[in-house]
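Enquirer: So that we are looking at the same thing, I have put the structure below in structure tokens.
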Amino acid sequence: MDYAFFLPPLFGAAIGWLTNYVAIKLLFKPHRKVEIFGLNIQGVIPKRRKEISRSIARAIEKELLSSEDLAKVLSGLNWEEEIERTVEEAVEHRFSSKISSIPVIGLVSDNLKNQIKYYITKELLRQLERKKGSLAEKFKNNINIQELMISKIDQLDLKRFEALLTDFISRELKHLEWLGGLMGFFIGIAQSFFMYFYQ
């Protein structure tokens with residue numbers, strides 16, 4: 268058996284894998300500009316970080332979550348249970364002891380507490396229902412999801428930003444590495460057959 272026949276596929280696989288591995292690393296590194304033989308070298312992602320941040324933010328707002336979506340959620344929320352629970356806690360824990368200590372009123376404190384809870388809850392719900400639409404509109408006009416996302420992403424240091432991206436696409440990056448090796452292997456096989464038949 269001519270072992271030389273297997274050398275091109277093995278070398279091709281190694282070179283293909285290594286080429287893609289280095290290319291992927293160069294997407295992220297170096298973080299800062301480095302001058303090599305008169306050329307300024309910097310990773311594509313650090314170099315275009317702001318552009319990428321804005322693209323991610325635009326995609327999130329357009330495809331996943333916009334200010335209008337949040338405003339719709341806010342206007343559609345049912346606050347009744349939450350308000351009832353909050354009023355219940357306030358009346359029972361904050362005012363109960365004070366009401367009980369007042370002469371005469373303390374004798375009817377349970378009934379009084381129930382009345383207080385009923386009227387406070389009713390009034391809060393009425394006010395909320397009346398203003399819910401305007402609150403949602405203010406929320407929509409004043410909260411910019413895209414700018415919020417850009418601000419958050421820009422606050423990340425380069426290492427954290429890199430980790431965030433690789434968390435999302437780590438599997439795809441590994442596939443690219445192995446795909447480079449596979450392509451190199453098949454190119455090597457083609458070279459071996461060419462040399463074998465046309466030597």
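Residue numbers (the working numbering): 268 to 466. Quick reminder that beta carbons are idealized off the backbone N, C-alpha and C, glycines included. Here the structure is a predicted model, which is why all the values come from computation and not from measurement.
Cβ atoms of Met416 and Ile308: under 8 Å apart, would you say?
Expert: no
Enquirer: Here's the rule I'm using: 16 or more other beta-carbon atoms within 10 Å means buried, otherwise exposed. How should Val354 be labelled?
Expert: Buried, since its Cβ has 16 or more Cβ neighbours within 10 Å.
Enquirer: Using C-beta distances below 8 Å, list every residue in its chain close to Leu425, excluding the 5 sequence neighbours before and after it, in chain order.
Expert: Once the five neighbours on either side are set aside, the close Cβ partners of Leu425 are His298, Pro313 and Arg316.
Enquirer: Since I believe Gly451 is in contact with Ile319 (beta carbons under 8 Å), could you give me their beta-carbon distance rounded to a whole number of angstroms?
Expert: 29 Å between Cβ atoms; not a contact.
Enquirer: Throw me the rounded Cβ distance for the Leu423 and Leu431 pair, which I believe falls under 8 Å.
Expert: 7 Å
Enquirer: Does the beta-carbon distance from Trp284 to Glu439 come in below 8 Å?
Expert: no
Enquirer: Indicate the three-state DSSP secondary structure (helix, strand or coil) for Asn411 in the structure shown.
Expert: Coil, per DSSP.
Enquirer: With 16 other CB atoms within 10 Å as the buried threshold, where does Pro370 fall?
Expert: With a pLDDT of 49 at Pro370, under the threshold of 50, the modelled position of this residue cannot be trusted; read the value that follows with caution. Exposed, by the Cβ-count rule.
Enquirer: On the three-state DSSP scale, how would you describe Leu423?
Expert: coil
Enquirer: Quick check on Glu404: buried or exposed, where buried means 16 or more other Cβ atoms within 10 Å of its Cβ?
Expert: exposed
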